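S.K.:
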Amino acid sequence: MELVKVCELTIYTAADVFVNGMPIDKAIIEEAQRCKLAGGTVLKAAEGFASKKRGFGRAKSAIFSSEANLPIIIKIVDTRECIDKFLPYLDEIGEKHFLVTLHEVEVLKTKYIRQHLEELRKMYEEA
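So for the sequence shown, numbering that gives the first Met the number 0 puts the first residue at 0; every next one is plus one.
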């Protein structure tokens with residue numbers, strides 16, 4: 000068993016936030032794919048609340064309101080070097096409502112990762 004240190008980028012935002020006419024989660028995932036980051040996940044929450052800046056109180060569901068602002072969490076895991084190359088994009092769209100956290104995490108280097116490591120290295124070298 001082998002553990003590898005990587006970086007987890009987490010972005011907290013909401014469904015009613017748009018970047019260039021596109022929902023923020025889709026814009027971020029598209030840019031992460033363009034930057035050839037290892038992978039990302041979008042989690043859409045059922046409920047949440049925000050600070051006074053955003054309007055204190057629970058998020059509204061589109062079922063009960065015409066304004067859906069449910070919370071969204073976007074997680075991307077890759078090496079710190081690759082994440083660092085992605086951060087300027089987040090800085091560029093920084094006028095939008097979101098919060099970014101970075102954490103060093105350990106991941107299990109699975110059989111799949113070991114088998115595909117050379118393919119992944121080639122992909123990053125071409126980037």
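Ideal Cβ placement from N, Cα and C applies to all residues, glycine included. Since we're looking at a predicted model, the values are computed, not measured.
Taking the alpha-carbon positions, what's the leucine 42 to aspartate 90 distance?
M.R.: As a position in the sequence shown, residue 42 is number 43, starting the count at 1. As a position in the sequence shown, residue 90 is number 91, starting the count at 1. So the alpha carbons of these two residues sit roughly 22 Å apart.
S.K.: Using DSSP's beta-bridge definition, name the partner residues of valine 41.
M.R.: The residue given as residue 41 occupies position 42 in the sequence shown. The partner list for valine 41 (beta bridge, DSSP) reads Ile73.
S.K.: Cβ atoms of alanine 31 and glycine 20: under 8 Å apart, would you say?
M.R.: Counting from one through the sequence shown, the residue named residue 20 turns up at place 21. Counting from one through the sequence shown, the residue named residue 31 turns up at place 32. Taking 8 Å as the Cβ cut-off, glycine 20 and alanine 31 do not qualify as a contacting pair.
S.K.: Roughly how many whole angstroms lie between the Cα atoms of glycine 47 and cysteine 6?
M.R.: Counting from 1 along the sequence shown, the entry for residue 47 is found at position 48. Counting from 1 along the sequence shown, the entry for residue 6 is found at position 7. About 25 Å.
S.K.: Would you identify the three-state DSSP class for phenylalanine 85, choosing helix, strand or coil?
M.R.: Numbered from 1 along the sequence shown, position 86 holds the residue referred to as residue 85. If DSSP states are grouped into helix, strand and coil, phenylalanine 85 belongs with the helices.
S.K.: Count the other CB atoms within 10 Å of the CB of leucine 2; is the residue buried (16 or more) or exposed (fewer)?
M.R.: On the sequence shown, residue 2 is found 3 positions in, with the first residue counted as 1. It is exposed - the Cβ of leucine 2 has fewer than 16 other Cβ atoms within 10 Å.
S.K.: Output the distance between the C-alpha atoms of alanine 14 and tyrosine 88, rounded to the nearest integer angstrom.
M.R.: If you number the sequence shown from 1, residue 14 lands on position 15. If you number the sequence shown from 1, residue 88 lands on position 89. Looking at the two C-alpha atoms, the distance is approximately 19 Å.
S.K.: Grouping DSSP H, G and I as helix and E and B as strand, with all else coil, what is alanine 13?
M.R.: Locating residue 13 in the sequence shown gives position 14, counting from the first residue. Residue state, collapsed to three classes: strand.
S.K.: Does the Cβ of threonine 12 have 16 or more other Cβ atoms within 10 Å, making it buried, or fewer, making it exposed?
M.R.: Along the sequence shown, read from residue 1 onward, the residue named residue 12 stands at position 13. Answer is buried; the Cβ neighbour count reaches 16.
S.K.: Helix, strand or coil for histidine 102? Go by DSSP, reduced to three states.
M.R.: Taking the first residue of the sequence shown as 1, we reach residue 102 at position 103. Here histidine 102 sits in strand by DSSP.
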